[in-house]
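> Residue numbers (full-length UniProt numbering): 1 to 378. All C-beta atoms in this analysis are idealised placements derived from N, C-alpha and C, irrespective of residue type, glycine included. Got a structure for you, written out below as structure tokens; questions coming shortly.
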């Protein structure tokens with residue numbers, strides 16, 4: 001007999017774990033299906049806005065107790081090294097995905113959550129319920145399915161999502177380094193064809209995560225050559241890499257990173273995190289958005305199972321409206337900022353303007369961030 005759950009969550013990253021933790025507070029029976037074991041590193045900027053900190057603590061996960069770095073300042077540089085810097089109004093914290101995902105996974109275990117390690121290969125919706133099949137030929141049934149399977153997945157092809165049909169020209173690369181770097185700073189340095197974020201995480205390593213176009217990257221034979229010959233044309237990155245000592249044997253990378261518009265609901269699956277929409281890393285807020293989206297999704301599901309929302313259609317309507325209200329403008333701003341920073345003339349105009357009008361950058365940052373999340377009793 002196929003095991004039946006109220007909710008099956010595909011993917012055990014930030015969005016999936018957050019959803020499971022929140023639903024467990026309302027005793028909703030859910031299952032996470034995740035192909036990887038915990039803990040593991042992931043390609044991610046690893047800066048999180050403080051907007052989600054009280055909510056994480058409400059879920060029983062406290063990054064501060066895990067020695068996350070308190071980040072209160074920003075620095076941005078152009079390709080030639082011109083800088084603008086200041087204080088972050090809300091601030092954030094630096095913590096690795098290796099650490100944060102594992103904290104959330106352990107909390108889920110304590111809460112009695114169920115995780116099945118496997119890869120989903122098919123999801124079908126018939127007769128008002130889902131049938132989920134995995135690579136190991138296990139099958140599950142669920143009333144609702146939450147898609148939290150990341151930036152790009154074979155499931156996107158299976159679901160015939162629009163964005164997956166379009167070729168992406170972006171590559172993302174991440175590694176940790178031992179280096180002398182300000183604990184309270186998040187830095188964004190531009191170079192030819194991309195931009196690189198730097199910030200400290202809980203173990204005093206500096207997370208280096210950058211996004212680059214294939215046209216820029218393919219001019220060099222590998223990551224090491226690219227960092228040496230292209231990224232270090234920015235004097236700030238040159239100084240960093242001269243003294244930094246790699247902690248990873250090899251950097252992590254993801255190809256075909258797409259910033260095309262996605263839909264928060266596909267074939268009745270409720271999408272959260274990067275599965276619903278990916279913000280450009282230069283905005284530094286993708287992790288917080290994944291957590292926030294999971295909160296919105298969880299609250300809609302809780303309303304259904306408590307009888308406050310009468311139907312699947314109402315759940316989907318509420319979630320889609322709330323998701324777009326909270327994230328559509330952020331994603332649009334992220335796409336616009338990316339175009340600005342990748343254009344020499346426009347980025348110089350922006351940097352010059354921000355020096356004349358120092359309030360400009362904080363205003364832009366605020367457009368890609370939200371307010372402190374309000375908490376509700378389960």
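Just to confirm, is the Cβ distance from residue 15 to residue 273 under 7 angstroms?
As a working note, residue 15 is residue 15 in the chain shown. As a working note, residue 273 is residue 273 in the chain shown. In this structure, residue 273 lies closer than 7 angstroms to residue 15 by Cβ.
> Return the bridge partner residues of residue 190 from the DSSP annotation.
In the chain shown, counting from the first residue as 1, residue 190 sits at position 190. In the DSSP output, where bridge partners are listed per residue, residue 190 has 195.
> Give every residue of the same chain whose Cβ lies closer than 7 angstroms to the Cβ of residue 371, excluding the five residues on either side of it in the sequence, and list them in chain order.
Stepping through the chain shown from its first residue, residue 371 is reached at position 371. 51.
> Which class does residue 375 belong to by DSSP, given the choice of helix, strand or coil?
The residue labelled residue 375 in the question sits at position 375 within the chain shown. Residue 375 falls in the coil class under three-state DSSP.
> Just verifying my parser: in three-state terms, what is the DSSP assignment at residue 320?
Here residue 320 corresponds to residue number 320 of the chain shown, with the count starting at 1. Residue 320: helix per DSSP, three-state reduction.
> Counting only the same chain and skipping the five closest in sequence on each side, list residues whose C-beta sits under 7 angstroms from that of residue 119.
Locating residue 119 in the chain shown gives position 119, counting from the first residue. Closer than 7 angstroms at Cβ, skipping near neighbours: 35, 134, 135.
> With a threshold of 16 other CB atoms inside 10 Å of the CB of residue 10, please say whether the residue is buried or exposed.
Against the chain shown, residue 10 aligns to sequence position 10. By the 10 Å Cβ count, residue 10 comes out buried.
> Excluding the 5 residues preceding and the 5 following residue 324 in the sequence, name in chain order all residues of the same chain whose CB lies nearer than 8 angstroms to its CB.
For the purposes of this step, residue 324 is taken as residue 324 along the chain shown, with counting starting at 1. Excluding residues within five positions, the ones whose Cβ falls inside 8 angstroms are 264.
> Quick one: any contact between the region 150-164 and the region 59-74, if contact means 3 or more CB pairs under 8 angstroms?
Contact between the region 150-164 and the region 59-74 is absent, because fewer than three Cβ pairs lie under 8 angstroms.
> For a quick check, are the C-beta atoms of residue 48 and residue 103 less than 7 angstroms apart?
Locating residue 48 in the chain shown gives position 48, counting from the first residue. Locating residue 103 in the chain shown gives position 103, counting from the first residue. No, Cβ-Cβ distance for residue 48 and residue 103 is not below 7 angstroms.
> What residue range is occupied by the uninterrupted beta strand (DSSP E) comprising residue 77?
As a first step, residue 77 is located in the chain shown; it is residue number 77 there, counting from the start. From DSSP, the beta strand (DSSP E) with residue 77 extends over 69-77.
> Which residue from 149, 97, 101, 107 puts its Cα closest to that of residue 122?
As a working mapping, residue 122 is identified with position 122 in the chain shown. Cα-wise, what sits closest to residue 122 is 149.
> Using C-beta distances below 6 angstroms, list every residue in its chain close to residue 255, excluding the 5 sequence neighbours before and after it, in chain order.
Taking the chain shown and counting its residues from 1, the one referred to as residue 255 is at position 255. 171, listed in sequence order.
> Between which two residues does the beta strand (DSSP E) carrying residue 139 extend?
Locating residue 139 in the chain shown gives position 139, where the first residue counts as 1. It spans 139-147 - the beta strand (DSSP E) in which residue 139 sits, taken as one unbroken run.
> Could you tell me if residue 54 is buried or exposed, where buried requires 16 or more neighbouring beta carbons within 10 angstroms of its beta carbon?
Position 54 of the chain shown, counted from the first residue, corresponds to residue 54. Residue 54 comes out exposed.
> Please report the distance separating the alpha-carbon of residue 357 from that of residue 78.
In the chain shown, counting from the first residue as 1, residue 357 sits at position 357. In the chain shown, counting from the first residue as 1, residue 78 sits at position 78. In this prediction, residue 357 has a pLDDT of 49, which is less than 50 and means its spatial position is unreliable; what the coordinates show is noted afterwards. Roughly 17 angstroms separates the two Cα atoms.
> Return yes when at least one heavy atom of the ligand SAH lies under 6 angstroms from the C-beta of residue 79, else no.
As for the ligand SAH, it is missing from this structure, which has no ligand bound.
> Alpha carbon to alpha carbon, how far is residue 240 from residue 185? Give it in angstroms, no decimals.
Locating residue 185 in the chain shown gives position 185, counting from the first residue. Locating residue 240 in the chain shown gives position 240, counting from the first residue. So the two alpha carbons sit approximately 14 angstroms from each other.
> Cα separation between residue 140 and residue 127?
Taking the first residue of the chain shown as position 1, residue 140 is located at position 140. Taking the first residue of the chain shown as position 1, residue 127 is located at position 127. Whole-angstrom Cα-Cα distance: 15 angstroms.
> Which same chain residues, not among the five before or five after residue 201, have their C-beta less than 8 angstroms away from its C-beta?
Sequence index remark: in the chain shown, residue 201 carries index 201 (1-based). Taken in chain order, the residues that qualify are 46, 68, 69, 94, 95, 96, 99, 176, 207.
> Go ahead and label residue 266 buried or exposed: buried means 16 or more other beta carbons lie within 10 angstroms of its beta carbon, across all protein chains shown.
Indexing the chain shown from 1 puts residue 266 at position 266. Result: buried.
> Leaving aside the five residues before and after residue 294 along the sequence, list all residues of the same chain whose C-beta is less than 6 angstroms from its C-beta, in chain order.
Position 294 of the chain shown, counted from the start, is the residue given in the question as residue 294. The answer, listed in chain order, is 15, 18, 19, 272.
> Which of the three DSSP states is assigned to residue 172 in this structure?
Reading the chain shown from its first residue, position 172 is the one you call residue 172. Strand at residue 172.
> Among 234, 146, 203, which residue has its Cα nearest to the Cα of residue 6?
Here residue 6 corresponds to residue number 6 of the chain shown, with the count starting at 1. Ranking 234, 146, 203 by Cα distance to residue 6 puts 146 first.
> Rounded to whole angstroms, what's the CA-CA distance from residue 130 to residue 160? Just pull it up for me.
Translated into the one-based positions of the chain shown, residue 130 becomes position 130. Translated into the one-based positions of the chain shown, residue 160 becomes position 160. One C-alpha to the other measures close to 17 angstroms.
> For residue 174, which option in 249, 110, 125, 109 has the closest C-alpha, if you only look at C-alpha atoms?
Here residue 174 refers to the residue found at position 174 of the chain shown. The residue with the shortest Cα to Cα distance from residue 174 is 249.
> Where does residue 179 land, buried or exposed, given buried means 16+ other C-beta within 10 angstroms?
As a first step, residue 179 must be located in the chain shown, where it is residue number 179. The residue is buried, with at least 16 neighbouring Cβ atoms inside 10 Å.
> Suppose only complete runs of 3+ residues qualify. What are the beta strand (DSSP E) ranges in the region 190-255, listed by chain order?
Listed in chain order, the complete beta strand (DSSP E) runs (minimum 3 residues) inside the region 190-255 are 194-200, 206-213, 252-254.
> In this structure, what does DSSP give as the bridge partners for residue 306?
On the chain shown, position 306 is the one that residue 306 refers to. None; residue 306 has no bridge partner.
> If we count the other Cβ atoms within 10 Å of its Cβ and call it buried at 16 or more, is residue 374 buried or exposed?
Residue numbering aside, residue 374 sits at position 374 when the chain shown is read from its first letter. The residue in question, residue 374, is exposed, as its Cβ has fewer than 16 Cβ neighbours within 10 Å.
> Do residue 111 and residue 8 have their C-beta atoms within less than 7 angstroms of each other?
As a position in the chain shown, residue 111 is number 111, starting the count at 1. As a position in the chain shown, residue 8 is number 8, starting the count at 1. Not a contact, by the Cβ cut-off of 7 angstroms.
> Less than 7 angstroms between the C-beta atoms of residue 236 and residue 81, yes or no?
For the purposes of this step, residue 236 is taken as residue 236 along the chain shown, with counting starting at 1. For the purposes of this step, residue 81 is taken as residue 81 along the chain shown, with counting starting at 1. In this structure, residue 81 lies closer than 7 angstroms to residue 236 by Cβ.
> For residue 45, does the three-state DSSP call read helix, strand or coil?
By one-based count along the chain shown, residue 45 stands at place 45. Residue state, collapsed to three classes: coil.
> Please report the distance separating the alpha-carbon of residue 333 from that of residue 258.
Reading the chain shown from its first residue, position 333 is the one you call residue 333. Reading the chain shown from its first residue, position 258 is the one you call residue 258. If you take the alpha carbons of residue 333 and residue 258, they lie about 16 angstroms apart.
> Let me check understanding here. Comparing Cα to Cα, which of 198, 215, 224, 298 lies closest to residue 29?
Stepping through the chain shown from its first residue, residue 29 is reached at position 29. For residue 29, the nearest C-alpha among the options comes from 298.
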